[in-house]
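To start, the structure itself, in structure tokens.
In my numbering, the protein residues as written are 5 to 161.
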């Protein structure tokens, strides 16, 4: 066997091993990918946050549909200095039939989860210096999940 042929076979085997070892966890449920999303939420300009956000979006129990309202949300959070400061992922749970209850027991929250949260969606519980937040993640922008909504468990003052 020639050296070139052996090299091609070796590279092919390495590629197959790499593909076989790829995680089957969707980016929306992968803690490392969610950490990347949190970093982006803390540092990126509003224009990029808009690209990373799903529309409609669920904030607490309120559904935000209009692009202008989403932009105002991110701009106001930026202007107010809001970040997920010193964020630590406490848990990542695939979305289930009762997940909407973290955002309220209203029909709006239940409807939102049924209609707009994808099957690969997850709820990431995030501890920060400001309190605990629940972030809905799903789908993705490149290798980072999109943010579909968030709410707080309790905010520290």
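Quick reminder that beta carbons are idealized off the backbone N, C-alpha and C, glycines included.
Looking only at 131, 135, 50 and 156, the smallest Cα-Cα distance to residue 92 is reached by 131.
At least 8 Å separates the beta-carbon of residue 128 from that of residue 99.
In the three-state scheme derived from DSSP, where H, G and I count as helix and E and B as strand, residue 101 is classed as coil.
The beta carbon of residue 122 lies closer than 6 Å to those of 142 and 143 in the same chain, with the five residues before and after it left out. Annotation for residue 43: no residue places its beta carbon closer than 7 Å to its own, counting only its chain and skipping 5 residues before and after. In the DSSP assignment, residue 80 falls within the unbroken alpha helix (DSSP H) covering 71-83.
Using a Cβ-Cβ distance cut-off of 8 Å, the region 107-121 and the region 72-85 are not in contact, since fewer than three pairs of beta carbons, one from each stretch, lie closer than that value. The residues 50, in chain order, have a CB closer than 7 Å to that of residue 82 in the same chain once the five nearest residues on each side in sequence are set aside. Take the alpha-carbon of residue 152 and the one of residue 133: they are about 22 Å apart.
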